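What follows is a single structure, written as structure tokens, with notes after it.
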RNA sequence: GGCGAAGUGGCCGAGUGGUUAGGCAGAGGUCUGCAAAACCUUCUACAGCGGUUCGAAUCCGCUCUUCGCCUCCA
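In the working numbering, the protein residues as written are 14 to 497.
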């Protein structure tokens, strides 16, 4: 079966073939770095991480660009308010560069914890000012943009397809309910800024043919996407809230310069909600990832995210996360049992599982169904281990390979290691394992002497630090609980 | 007001015309010194009202409700 992707532009699933055989170009809107990442960022970048991993698994050479927005765009609307990064710099009593560098590092720390692979190129907007200016110059030369008082605006009426992504094609009708105050120097209320003249005291500013100022918000993605991926790219991803105006503006300014389709497949991931309401920095209900990681294994967060489809809203709650933690433990436990079992005779066919997993992923990256396949396999393995002497060497190898490919390489939710202690370095992890073995030996001795008070105390206290002891018919085993 | 998405069992969450989603939680059982884990059995569904159809949670219409966007936002 071929890969089908839901294309937001067409509002339908379409068969995916890259423009250039074997090579996939993908651009995903990156974060604006003026604060720590939250769960919403996690959902977005985990989702696209799996997209990239699946494309690579299918044999494509994937070139993945994810920008860093470090130009301070405005806190308010397109024409007023304070620069977000400058504002944060003022609050933290430092300068904008330190703010953007600090939160960029913070962002990657969090993404690393979530097992999100780094993009091939992570271009910063401030490092591509010349490219953005060049794009504005081309737009002016082509008659799609005009300058007024050092500001440059894109003329929406010069691009007939404006609004085709979001469905906002009737510009006149839009004005009636619009909350943005119209600005008189624009030729049309829907026109958007490509370059803005810096006001007094504005810190992040650059020289340009029109004024000392800074680029409009939508410009960087077009300029950097074209620079690194070409004028037409295969996939552009981002959050749904960016369909309008951000992505519609990108399309307008890009296509009116090149005359070519800007993006072949638009992919939009849905929001994280808290108690049914959107999570957002400005709404002050955002769940900071660093805080979350103190309580919950980051891979549980990843698993929780992938248990719903990327185009569905994901409602966050503590109980939902806990349910995910228990579920992921089940998969890890199966993987552990499989690795520890002695070879037996039971066999089963991996092919149906492989097929169902592939079909799910090929159907617009249906990770919830893909995970359900892992649970079905988990049950099959456990049943075989419970009701027979063990699984044959061949079936075991096939199962392990499948779990590794699907769970570790593609979904990134199972780490390949047998047992790990938190995120400690390997050395200390080895020592801890040995210490646990000592405690288990002592407990076994107590049990042999029917000293259950002592043996239970050892078990309970180990459980209290997240180490769970299990007396199975194959002997004593232990595993780490993911907590939550 | 305009554009768009959605309402599934106690909770989370897939499915899109006829056959078990899956996870978590609950009940009973097997196993165990007791647990845990695992396995077996099991309960609770498709917002409401019409329509199309041999048959609809799935298609169509209406109603109600929720959410997102139209301001920066993953």
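Built from N, CA and C at the ideal position, the CB exists for glycine as well.
Being a predicted model, the structure only gives us computed values, none of them experimental.
Option in the options with minimal Cα separation from residue i
| i | options | result |
| --- | --- | --- |
| residue 44 | 308, 27, 74 and 80 | 80 |
| residue 138 | 367, 248, 110 and 123 | 110 |
| residue 163 | 144, 243, 198 and 108 | 198 |
| residue 255 | 230, 268, 242 and 273 | 230 |
| residue 127 | 56, 71 and 167 | 56 |
| residue 453 | 478, 216 and 491 | 491 |
| residue 49 | 179, 294, 374 and 265 | 294 |
| residue 232 | 84, 67, 457 and 410 | 84 |
| residue 486 | 401, 493, 455 and 444 | 401 |
| residue 259 | 246, 273, 235 and 61 | 235 |
| residue 468 | 418, 455, 28 and 17 | 455 |
| residue 15 | 274, 33 and 67 | 67 |
| residue 166 | 364, 203, 310 and 331 | 203 |
| residue 322 | 61, 47 and 35 | 61 |
| residue 498 | 373, 443, 218 and 247 | An answer regarding residue 498 cannot be provided, because it is not within the stretch 14 to 497 covered by the chain. |
| residue 360 | 390, 99, 345 and 327 | 390 |
| residue 158 | 206, 458, 306 and 18 | 206 |
| residue 28 | 442, 277 and 333 | 277 |
| residue 134 | 411, 296 and 241 | 241 |
| residue 119 | 304, 472 and 460 | 304 |
| residue 65 | 261, 450, 114 and 38 | 38 |
| residue 474 | 461, 449 and 484 | 449 |
Exposure of residue i, with buried meaning 16 or more beta-carbon neighbours within 10 Å
| i | result |
| --- | --- |
| residue 427 | buried |
| residue 420 | buried |
| residue 107 | exposed |
| residue 465 | exposed |
| residue 416 | buried |
| residue 156 | exposed |
| residue 393 | buried |
| residue 463 | exposed |
| residue 20 | buried |
| residue 54 | buried |
| residue 33 | exposed |
| residue 200 | exposed |
| residue 144 | buried |
| residue 176 | buried |
| residue 478 | exposed |
Identified DSSP bridge partners for residue i
| i | result |
| --- | --- |
| residue 396 | Looking at the DSSP assignment, residue 396 forms no beta bridge with any residue, so it has no partner. |
| residue 278 | 248 |
| residue 328 | 286 |
| residue 223 | DSSP lists no partner for residue 223. |
| residue 57 | According to DSSP, which records beta bridges pairwise, residue 57 is partnered with nothing at all. |
| residue 144 | DSSP, once it has assigned bridges, lists no residue as partnering residue 144. |
| residue 161 | 164 |
| residue 82 | 45 |
| residue 228 | 208 |
CB contact flag (residue i, residue j, <8 Å)
| i | j | result |
| --- | --- | --- |
| residue 414 | residue 404 | no |
| residue 320 | residue 423 | no |
| residue 279 | residue 22 | yes |
| residue 480 | residue 489 | no |
| residue 222 | residue 142 | no |
| residue 387 | residue 341 | no |
| residue 315 | residue 425 | yes |
| residue 42 | residue 180 | no |
| residue 338 | residue 495 | yes |
| residue 238 | residue 40 | yes |
| residue 152 | residue 266 | yes |
| residue 290 | residue 298 | yes |
| residue 148 | residue 300 | no |
| residue 327 | residue 334 | no |
| residue 292 | residue 99 | no |
| residue 105 | residue 112 | yes |
| residue 378 | residue 59 | no |
| residue 363 | residue 332 | no |
Where the alpha helix (DSSP H) through residue i begins and ends
| i | result |
| --- | --- |
| residue 208 | Per DSSP, residue 208 belongs to no alpha helix (DSSP H); it is in the beta strand (DSSP E), 205–210. |
| residue 334 | 331–353 |
| residue 241 | 232–242 |
| residue 369 | 364–375 |
First and last residue of the uninterrupted beta strand (DSSP E) at residue i
| i | result |
| --- | --- |
| residue 286 | 285–287 |
| residue 167 | 164–167 |
| residue 77 | 74–79 |
| residue 485 | 480–485 |
| residue 27 | 25–28 |
| residue 99 | Not the beta strand (DSSP E): residue 99 falls in the alpha helix (DSSP H), residues 97–104. |
| residue 37 | 36–41 |
| residue 489 | 488–493 |
| residue 17 | 17–20 |
Distance cut-off 7 Å: residue i Cβ against heavy atoms of the ligand ZN
| i | result |
| --- | --- |
| residue 23 | As presented, the structure is devoid of all ligands, the ligand ZN included, so that no description of it is given. |
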